[in-house]
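A.B. asks: Sharing a structure with you now.
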Amino acid sequence: MAAIDMLAIGDIVTEPFIRLKEARVHCGIDDENCEISMRWGDKIPYEFFVLVPAVGNASNAAVAAARLGLNAALRAYIGKERYGEECLQVLKSEHVDTSFMVIDPVRPTNYHYVLWYESERTILVKHEEYDYTVPDLSESPKWIYFSSLAANSEPYHHELMNALAKHPSTKLAFQPGTFQIRLGTEKLADVYARTDLLFCNKEEAQTILNSHEHDVAMLLNGLRALGCKMAVITDGRNGSYAMDESGDAWRAPMYPDPKPPLERTGAGDASAATTVSYIIKGLPVAEALLRGHINSASVVQEIGAQKGLLTAEQIEEWYSRRPADFKATAL
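The numbers in the sequence shown follow my numbering, run straight up by one, and end at 374.
Written out as structure tokens, the structure is:
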């Protein structure tokens with residue numbers, strides 16, 4: 044059996060995308076902190092919906108890695124029903140190793156609702172509280188990609204870190220979800236200290252560090268002070284910023300959209316998972332991050348987080364026709 048390049052750990056989800064016809068978006072003076080509104084107590088028409096199984100941060104990462112030619116596996120929990128079976132079918136069709144998956148005999152598969160308006164989306168989220176257990180790590184995967192879990196999972200984080208202590212060669216990528224960020228750095232100090240590569244957006248970095256700092260270099264240093272060897276912060280259309288183990292930092296611009304984005308679900312997951320995948324393939328973090336931005340630019344051209352994910356050959360073809368200014372620059 045081939046060694047596992049990436050074992051992704053986190054919740055898997057089925058998501059219906061509901062394309063809204065009538066809504067209003069209200070933004071602050073700086074075009075941030077936007078809110079979507081619809082008429083109260085009314086029947087709201089929608090254009091169509093698309094059911095997308097087997098998504099979620101960790102599942103998206105496993106599929107992205109598999110399409111890039113890595114031996115990827117997923118540890119997640121599903122229900123013993125239609126949606127769980129559909130999730131398994133998608134993973135198998137994407138050549139993701141499902142031997143780490145757990146079928147819960149009582150709890151259903153996670154099911155979220157995506158309200159999609161123009162190119163943005165608002166997701167109604169509910170994580171089932173499974174009885175999380177640490178997977179068998181005897182094969183020592185090269186990397187573990189750890190992400191979003193339910194609110195009952197704090198003990199699981201520490202159990203996983205204890206298990207990883209017996210596998211020092213296994214590297215850890217951490218893309219914290221909402222609950223993990225809310226737990227705070229003190230409760231998850233062992234996770235941050237064990238992390239080889241941390242991914243988050245700028246607002247999440249500020250929350251993690253309990254800081255109003257806007258200087259991205261300062262935020263990167265703050266994340267590394269938690270024990271993370273490398274950190275990446277995404278900042279929307281401003282691109283991403285990375286700092287490696289030596290403290291060298293870069294900014295990577297976004298890849299120009301080939302046409303206006305259809306919807307943005309999974310853009311961050313594509314960037315993070317692709318970056319990790321290319322680091323596994325041997326590229327330095329700055330070059331890997333550029334490939335991540337290419338996959339992100341492709342994903343937003345399709346519905347859902349996985350349909351637009353590229354193969355390694357396709358990414359290199361996009362990279363070969365990159366604009367002259369699509370390169371990482373030192374901070």
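For every residue, glycine included, the Cβ atom is placed at its ideal position computed from N, Cα and C. Note that the structure is a prediction, hence the values are computed from the model and not measured.
1. Sorted by chain position, which residues of the same chain lie with C-beta nearer than 6 Å to I166's C-beta, five sequence neighbours on each side aside?
2. Give me the DSSP bridge partner(s) of R118.
3. Going by beta carbon distance, what residues of the same chain come within less than 7 Å of A248, once the five residues before and after it are set aside?
4. List the residues that DSSP assigns as beta-bridge partners of K214.
5. Using DSSP with H/G/I as helix, E/B as strand and the rest coil, what is S341?
6. What are the complete alpha helix (DSSP H) segments, minimum 4 residues, inside the segment 299 to 373?
7. Within the same chain, show all residues whose beta-carbon is closer than 6 Å to that of A315, passing over the 5 residues directly before and after it, in chain order.
8. Should the segment 209 to 218 be called in touch with the segment 276 to 291, which here means at least 3 C-beta pairs below 8 Å?
9. What is the DSSP secondary structure of D287, counted as helix, strand or coil?
10. What number of angstroms, rounded off, separates the C-alpha of D258 from the C-alpha of D278?
11. Check whether the Cβ atoms of K185 and D239 sit closer than 7 Å, and answer yes or no.
12. Considering only their Cβ atoms, is the gap separating T317 from G335 smaller than 7 Å?
13. Under the three-state reduction of DSSP, which class applies to D258: helix, strand or coil?
14. Whole angstroms are fine: how far does the CA of F369 sit from the CA of M297?
15. Compare the Cα-Cα distances from Y120 to each of M286, A101 and A331 and report the closest residue.
16. Within a Cβ cutoff of 6 Å, which residues of the same chain sit near S80, ignoring the five residues on either side of it in sequence?
17. If you draw a straight line from the C-alpha of T372 to the C-alpha of A295, how long is it?
18. Since I believe G99 is in contact with I55 (beta carbons under 8 Å), could you give me their beta-carbon distance rounded to a whole number of angstroms?
19. Candidates G347, A348 and L111: which alpha carbon is nearest E359's?
C.D. replies: Judging by the given coordinates:
1. Counting from one through the sequence shown, the residue named residue 166 turns up at place 123. Apart from the 5 residues on each side of it in sequence, I166 sits with its Cβ closer than 6 Å to the Cβ of H155 and V157 in its chain, given in chain order.
2. The residue labelled residue 118 in the question sits at position 75 within the sequence shown. In the DSSP assignment, the residues bridged to R118 are I52.
3. As a working note, residue 248 is residue 205 in the sequence shown. Residues L262, L266 and I276 of the same chain have their beta carbon placed closer than 7 Å to that of A248, with the five preceding and five following residues left out of the count.
4. As a first step, residue 214 is located in the sequence shown; it is residue number 171 there, counting from the start. For K214, which the question treats as bridged, DSSP gives the partners W186.
5. Numbered from its first residue, the sequence shown carries residue 341 at position 298. Of the three classes helix, strand and coil, the one that applies to S341 here is helix, per DSSP.
6. Under the rule that a run must span 4 or more residues, the alpha helix (DSSP H) segments found entirely inside the segment 299 to 373 read 310 to 323, 328 to 342 and 355 to 363.
7. Indexing the sequence shown from 1 puts residue 315 at position 272. For A315, the CB contacts under 6 Å within the same chain, skipping 5 residues up- and downstream, are Q218 and F242 in chain order.
8. They do not touch, by the three-pair rule.
9. Taking the first residue of the sequence shown as position 1, residue 287 is located at position 244. When secondary structure is reduced to three states using DSSP, D287 falls in the coil class, being assigned neither helix nor strand.
10. Position 215 of the sequence shown holds residue 258. Position 235 of the sequence shown holds residue 278. So the alpha carbons of these two residues sit roughly 11 Å apart.
11. Within the sequence shown, the letter at position 142 stands for residue 185. Within the sequence shown, the letter at position 196 stands for residue 239. No, the Cβ-Cβ distance between K185 and D239 is not below 7 Å.
12. The residue given as residue 335 occupies position 292 in the sequence shown. The residue given as residue 317 occupies position 274 in the sequence shown. In this structure, G335 places its C-beta atom within 7 Å of the C-beta atom of T317.
13. The residue given as residue 258 occupies position 215 in the sequence shown. D258 falls in the coil class under three-state DSSP.
14. Residue numbering aside, residue 297 sits at position 254 when the sequence shown is read from its first letter. Residue numbering aside, residue 369 sits at position 326 when the sequence shown is read from its first letter. Separation of M297 and F369 (C-alpha to C-alpha, rounded to the nearest whole angstrom) is 8 Å.
15. Stepping through the sequence shown from its first residue, residue 120 is reached at position 77. For the residues M286, A101 and A331, the minimum Cα distance to Y120 belongs to A101.
16. Taking the sequence shown and counting its residues from 1, the one referred to as residue 80 is at position 37. Same-chain partners within the cutoff: R67.
17. For the purposes of this step, residue 372 is identified with residue 329 of the sequence shown, where counting begins at 1. For the purposes of this step, residue 295 is identified with residue 252 of the sequence shown, where counting begins at 1. Cα to Cα, T372 sits roughly 7 Å from A295.
18. Reading the sequence shown from its first residue, position 12 is the one you call residue 55. Reading the sequence shown from its first residue, position 56 is the one you call residue 99. Indeed they touch by this definition, with Cβ atoms about 5 Å apart.
19. Along the sequence shown, one-based indexing puts residue 359 at 316. Taking each of G347, A348 and L111 in turn and checking the Cα distance to E359, the smallest one comes out for L111.
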